[in-house]
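Undergrad: Dropping the structure in here first, questions after.
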Amino acid sequence: MLNTLKGGNVMKKIIAMWFVIGALLIGCSSIPEPEPIHPLFSADKNKYSLLMVRETEITDYNKWEEENEITNVKTIHGRTSLEDTNGEYKFLELEISPAYVVFDTKEVVYKTYSEEELINFLKENNPNQ
Numbered sequence: 200m201l202n203t204l205k206g207g208n209v210m211k212k213i214i215a216m217w218f219v220i221g222a223l224l225i226g227c228s229s230i231p232e233p234e235p236i237h238p239l240f241s242a243d244k245n246k247y248s249l250l251m252v253r254e255t256e257i258t259d260y261n262k263w264e265e266e267n268e269i270t271n272v273k274t275i276h277g278r279t280s281l282e283d284t285n286g287e288y289k290f291l292e293l294e295i296s297p298a299y300v301v302f303d304t305k306e307v308v309y310k311t312y313s314e315e316e317l318i319n320f321l322k323e324n325n326p327n328q
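Under this note's numbering, the first residue of the sequence shown carries the number 200, and numbering increases by one thereafter.
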């Protein structure tokens, strides 16, 4: 009878060990994407983040990216008010609208007031270059 009790304790320990291992695996499997330093900065080191300040907002950014063959932008922030954008993000010092600002994970990497220049920059550059 003593051997039966010892065997039951061993099974409880094995089951408890599997629960601990399972909990560790579940906890380690879902690594969240790192938060960028600034809300406009990219959270992905392999993609840019883009701020577009235009009087008329683009309604379909995915279509804009597709039409212009842009593949290195993860997030597009659209704004319609130059004044509000300058008030909220003074460091940008935007002068006119339209304005386009490209960010990597740490800083502004490009600023222009021409959509054509923006498209050329995005086609010719990647965040890891």
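C-beta: ideal position from N, C-alpha, C; glycine also.
Quantities reported herein were computed from a predicted structural model and do not represent experimental measurements.
Assuming Asn267 and Pro326 form a contact by the criterion Cβ under 8 Å, report the distance between their Cβ atoms to the nearest whole angstrom.
TA: Here residue 267 refers to the residue found at position 68 when the sequence shown is read from its first residue. Here residue 326 refers to the residue found at position 127 when the sequence shown is read from its first residue. Contact flag wrong, Cβ pair sits at about 18 Å.
Undergrad: Count Cβ pairs between the region 290-304 and the region 313-321 that sit closer than 8 Å; are there 3 or more?
TA: The answer is yes - the region 313-321 touches the region 290-304, with three or more Cβ pairs under 8 Å.
Undergrad: Round the Cβ separation of Val252 and Leu317 to the nearest angstrom and send it over; I've been treating them as touching at under 8 Å.
TA: Here the question's residue 252 lines up with position 53 in the sequence shown. Here the question's residue 317 lines up with position 118 in the sequence shown. Not quite, the Cβ-Cβ distance comes to about 12 Å (not below 8 Å), so this is no contact.
Undergrad: Alpha carbon to alpha carbon, what distance is there between Lys211 and Phe218?
TA: What you label residue 218 is simply residue 19 of the sequence shown in a count that begins at 1. What you label residue 211 is simply residue 12 of the sequence shown in a count that begins at 1. When rounded, the distance between both Cα atoms is 11 Å.
Undergrad: With DSSP as the reference, please indicate the residues paired to Tyr299 in a beta bridge.
TA: Your numbering for residue 299 matches position 100 in the sequence shown. Answer by DSSP bridge pairing, in chain order: Met251 and Thr311.
Undergrad: Apart from the five residues on each side of it in sequence, which residues of its chain come closer than 6 Å, Cβ to Cβ, to Thr311?
TA: Residue 311 sits at position 112 when you count from the first residue of the sequence shown. Tyr299 and Leu317.
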